[in-house]
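Heads up, the final residue of the sequence shown is numbered 183 in the working numbering, and it's a clean run with no missing numbers.
Beta carbons are placed, not taken as given, at the ideal position from N, Cα and C, and that holds for glycine.
In this text, all values refer to a predicted model and were calculated from it rather than measured experimentally.
For reference, the structure discussed in these notes is given below.
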Amino acid sequence: MQMHITAKGVKFKQDIRPHECAVQQIIEVSTGEVKVAHSGATLSSVAIGSCIAVAALDLEKRIGAIAHIMLPGRSPESCAEKTRYADDAIEEMLNQMLKAGTNANDIEVCLVGAGNVLQKEDDTICDANIESVTGILKEKNISVIASLLGGTKRKSVFMDIENGSISYTEGDDPVKLLWRP
């Protein structure tokens, strides 16, 4: 049986075998949010422009997280939405994953985003976000196993924690696989 699935305007086809169907909880991660989930859930972050979605996974324990990062560096002291910033968001994501039962050495990440969707020549936020996020991950010895960064199209990312796959869309293109164990 063929089933067409739509997630916030993103369509993709999937072969469904009734005896293999399992209901998955879909958890949306908006700009500036960090969310952690376990097997049986799909984390989703859509409409990623200059932001970067850091999709982190402990494949063995089936614990996943997405941090939808908007800005480079650390937040100002007066900022109420600290996880909009790379330093704070990655720190919060790792803390939540550790509380969920993972080991820091078992976390691998995929990066999606940092597109200059407004196509402005003087827009440097994309490059600053890439530099900030990759620098923080390197500092923390976290492996980046796949990335889709740059360009001019908006992106979306989907993490199926059960099978460890990370899929994405770019613009109005169909869903494609970024990484799978």
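If you draw a 10 Å sphere on the C-beta of G103, you find fewer than 16 other C-beta atoms in it, and that means exposed.
The three-state reading of DSSP puts I109 in coil, since its state is none of H, G, I, E or B.
Put simply, of A148, F160, T154 and G173 the residue whose alpha carbon is nearest the alpha carbon of V111 is A148. Beyond the five residues adjoining it in sequence on each side, V159 comes within less than 6 Å, by CB distance, of S47, A55, A57, V114 and Y170 in the same chain, given in chain order. Residue pairing by DSSP puts K157 in a beta bridge opposite I50 and E172. In the three-state reduction of the DSSP assignment, Q27 falls in the strand class, which pools E and B.
Between the region 84-96 and the region 119-128 there are fewer than three inter-stretch CB-CB distances shorter than 8 Å, so the stretches are not counted as touching. Contact annotation, Q98 with V135: C-beta distance approximately 17 Å; criterion of less than 8 Å not satisfied.
Annotated three-state conformation of D125 is coil, per DSSP.
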